[in-house]
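Sequential numbering of the sequence shown, starting at 276, is according to the working numbering. First the structure, in the form of C-alpha cells, and then the observations on it.
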Amino acid sequence: MSEPLTLSAPGLRLQQLSSVDSTNRVAADAARAGAAEGLVVVADVQTAGRGRQGRTWLAPPDCGLTVSLLRRPPVPPAGAWAWTLIAGLAALDLAPPGAAWLKWPNDLMVGDRKAAGVLCELLTTGMELDAVIVGIGLNLSAPDGGWPPPISDRTAALGELDPALRARQVALDRLCSAFLEIEGMVLRGGTGPLLQAAQAAMAPMLGRVVTVGARTAQVLGMGHNGALRLADAAGEFEVLAGDVHLGG
C-alpha cells in the first residue's frame, strides 16, 4: 500500500484500499448496506474505474488520486445534477486561478488536456434519492516515462500547475475541503451561485463550436438545471447529458 492517508475535514471518514476495481462500486455497496454519509473511499490502484459513457478510468500507482464520496443530500433525484458541478468546482479549486477550466459536464482541463474527471452515480428507491456517489479521478503527476502515446497529447497533471499537488495527501485534503465548502453553499443557499461559478469556470467553452451526439452547435452557456445551452441552424436547444467534443 502507498503511504497511509488521513482526513482532516470534519464529518468524513476514510477507507483506503491498496487495490480495487472501482472506488464508486465500493462506496455504492457501502451505501446500499446502510453506511452513513461521509464515507470517502480512496484506492492506491484502481483496475476497472468507470468514466462516463462506460469508459475506463485507470489510476497508475502514486500518479493520481481516485476518490469516491458517499453523500446523502436532502434533495430529490432531479436535483442531484448539482453534485457533478460541486465536484468539478472542487477539483478546479486545486489549480491556481486561471490555470484550468471545466469542460461540461465533468472534465477538468488544462488547455485542451484533461487533468481530472468526475462521475456521479445515483442510488434511488422509487422517487426518493438514497445517495449520490461522487467519483473524482485526479492526475497528479505523469508516470515514469510520461503518458503513453495514445493519450500523451490530451492528458495533463495537476502537479504541473502546483508541485505541492504531486503529494496525494495534499490533494486529498484540499479536494475534500473544497467539496464540503461548495456543497454547503448549495445546501444553504440553492444552486444559483453554483451555476454562476460553473459557467465562469467553463468560460473557454463559451462561443466555441462543439459536437454533441449528431449535432454540431455553438455553446451559449448553462441552463438553470445545469444543462448545456447550445445553438445551431435550427435554433437554440439544451442537452442534459452527453459527450461534448471540442472543435465541432
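Quick reminder that beta carbons are idealized off the backbone N, C-alpha and C, glycines included. Note that the coordinates shown come from a computational prediction; the quantities given were computed from them, not determined experimentally.
Under the assumption that residue i contacts residue j (Cβ atoms under 8 Å), give the Cβ distance between them as a whole number of angstroms.
i, j, result
"residue 477", "residue 378", "7 Å"
"residue 468", "residue 376", "Contact flag wrong, Cβ pair sits at about 18 Å."
"residue 280", "residue 317", "6 Å"
"residue 450", "residue 411", "7 Å"
"residue 284", "residue 455", "6 Å"
"residue 345", "residue 396", "With a Cβ gap of about 11 Å, residue 345 and residue 396 do not count as contacting."
"residue 514", "residue 487", "5 Å"
Let me confirm a value: residue i is counted as buried when at least 16 other C-beta atoms fall within 10 Å, else exposed. Which label applies?
i, result
"residue 329", "Its pLDDT being 47, under 50, residue 329 is placed unreliably in this model, and the value from its coordinates should be taken loosely. By the 10 Å Cβ count, residue 329 comes out exposed."
"residue 471", "exposed"
"residue 500", "exposed"
"residue 402", "exposed"
"residue 380", "buried"
"residue 462", "exposed"
"residue 360", "buried"
"residue 565", "Here the chain has residues from 276 to 523 only, and residue 565 is not among them."
Does DSSP classify residue i as helix, strand or coil?
i, result
"residue 361", "helix"
"residue 401", "coil"
"residue 301", "helix"
"residue 451", "helix"
"residue 443", "helix"
"residue 307", "helix"
"residue 472", "helix"
"residue 426", "coil"
Out of the options, state which residue places its alpha-carbon closest to the alpha-carbon of residue i.
i, options, result
"residue 363", "457, 374 and 312", "457"
"residue 322", "494, 296, 520 and 490", "296"
"residue 382", "429, 314 and 442", "429"
"residue 307", "423, 405 and 349", "405"
"residue 439", "339, 282 and 290", "339"
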